[in-house]
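Have a look at the structure below, then the notes.
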Amino acid sequence: MSHSPSIISLPKSSTAKPKLHSMACPIIKHIASLAHKAMRLFTVTEKGFPKPLSHQSICWDLLVKATAAENDSGLVDRMKEIQDDQVLKFQLLQYMWKGSTQVIGELISKAKISVPPTYGIKNTHKDRLSDTIYWIINSGAFINNSIDLKEKMSDTNQPWKNNIIKILFQAQ
1 MSHSPSIISL
11 PKSSTAKPKL
21 HSMACPIIKH
31 IASLAHKAMR
41 LFTVTEKGFP
51 KPLSHQSICW
61 DLLVKATAAE
71 NDSGLVDRMK
81 EIQDDQVLKF
91 QLLQYMWKGS
101 TQVIGELISK
111 AKISVPPTYG
121 IKNTHKDRLS
131 DTIYWIINSG
141 AFINNSIDLK
151 EKMSDTNQPW
161 KNNIIKILFQ
171 AQ
């Protein structure tokens with residue numbers, strides 16, 4: 001049962017966005033909740049931006065691990081059924097993937113609010129903004145405490161001291 005699924009392709013009628021409240025079986029809801037939580041944790045602690053093309057295999061592996069960790073024979077039996085039910089499997093994997101996209105969306109939203117004032121780019125003209133952001137990211141300056149955008153310099157003696165790191169952690 002631990003092998004990853006091949007790409008699942010289903011008719012449009014069975015691909016509506018799955019919601020926890022629409023899952024009738026309590027055991028399936030429990031599995032979906034475990035899996036969703038595992039996906040969020042994976043996104044936060046292991047791979048912040050998992051590749052969408054590999055999401056089915058990532059989700060399936062996490063689903064198997066999350067249910068196995070419960071040491072519940074009922075969940076193991078249900079997982080065998082899920083493996084053979086392509087529609088249900090697809091819905092669970094889609095529900096799980098939402099956990100990752102939610103975390104990514106939250107991080108991007110918080111970064112859009114926090115980054116401009118932290119890096120002093122809030123009032124930067126849009127002609128210079130792209131170059132400035134490119135330099136901040138590619139030079140690695142975004143982690144340094146002191147950044148001079150005009151001179152394109154940063155204090156490399158104090159890495160990981162930029163206030164944005166603290167702000168983003170607190171926002172979580």
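Residue numbering for the sequence shown follows the UniProt record's numbering, starting at 1 and increasing by one per position.
All C-beta atoms, glycine included, are put in the ideal place defined by N, C-alpha and C.
Quick caveat, the model's predicted, so the values are computed rather than measured.
*Alpha carbon to alpha carbon, what distance is there between I164 and A141?*
Here residue 141 is taken as the residue at index 141 of the sequence shown, counted from 1. Here residue 164 is taken as the residue at index 164 of the sequence shown, counted from 1. Going from the Cα of A141 to the Cα of I164 covers about 12 Å.
*Do L149 and I121 come within 8 Å of each other at the CB atom, strictly closer than that value?*
On the sequence shown, residue 121 is found 121 positions in, with the first residue counted as 1. On the sequence shown, residue 149 is found 149 positions in, with the first residue counted as 1. It is a contact, given that the beta carbons lie within the stated cut-off.
_Buried versus exposed, by CB contacts within 10 Å (16 or more), Q158_ = The count along the sequence shown starts at 1 and reaches residue 158 at position 158. It counts as exposed.
*DSSP state of I7, grouped into three classes?*
On the sequence shown, position 7 is the one that residue 7 refers to. Residue placement at I7 is flagged as unreliable, the pLDDT there being 47, under the threshold of 50; the coordinate-derived value follows with that caveat. Reduced to three states, the DSSP call for I7 is coil.
*DSSP on D72, reduced to helix/strand/coil?*
As a first step, residue 72 must be located in the sequence shown, where it is residue number 72. D72: coil per DSSP, three-state reduction.
*Contact check, D127 vs N144, beta carbons under 8 Å*: Counting from 1 along the sequence shown, the entry for residue 127 is found at position 127. Counting from 1 along the sequence shown, the entry for residue 144 is found at position 144. No, the Cβ-Cβ distance between D127 and N144 is not below 8 Å.
*Keeping to the same chain, check which residues put their C-beta closer than 6 Å to that of I147; ignore five residues upstream and five downstream.*
Here residue 147 corresponds to residue number 147 of the sequence shown, with the count starting at 1. Cβ within range, chain order: A141 and S154.
*Should A35 and M96 be called a contact, given that it needs their Cβ atoms to be closer than 8 Å?*
Here the question's residue 35 lines up with position 35 in the sequence shown. Here the question's residue 96 lines up with position 96 in the sequence shown. Yes, these two residues count as a Cβ contact at 8 Å.
*Taking the alpha helix (DSSP H) that G105 falls in, what are its first and last residues?*
By 1-based counting over the sequence shown, the position of residue 105 is 105. Counting along the chain, the alpha helix (DSSP H) containing G105 begins and ends at Q86 to Y119.
_Using only the alpha-carbon positions, how far apart do C25 and P18 sit?_
As a working note, residue 25 is residue 25 in the sequence shown. As a working note, residue 18 is residue 18 in the sequence shown. The alpha-carbon atoms of C25 and P18 are separated by roughly 14 Å.
_From P50, E70 and K65, residue whose alpha carbon lies closest to that of G99_ = Here residue 99 corresponds to residue number 99 of the sequence shown, with the count starting at 1. Checking every option, the nearest Cα to that of G99 belongs to P50.
*Unbroken alpha helix (DSSP H) runs of length 4 or more, entirely within the stretch 18-47: which are they?*
26-45
*Of the choices K112, M23, I108 and D131, whose alpha-carbon is the least far from that of K89?*
Against the sequence shown, residue 89 aligns to sequence position 89. Cα-wise, what sits closest to K89 is M23.
*Mind the definition here: the stretch 69-78 touches the stretch 129-140 only if three or more C-beta pairs lie below 8 Å; say whether that holds.*
no
*Alpha-carbon spacing of S139 relative to K152, whole angstroms*: Stepping through the sequence shown from its first residue, residue 139 is reached at position 139. Stepping through the sequence shown from its first residue, residue 152 is reached at position 152. If you take the alpha carbons of S139 and K152, they lie about 9 Å apart.
*So, are the CB atoms of residue 182 and A38 less than 8 Å apart?*
Limits of the chain in this structure are 1 at one end and 172 at the other, which puts residue 182 out of reach.
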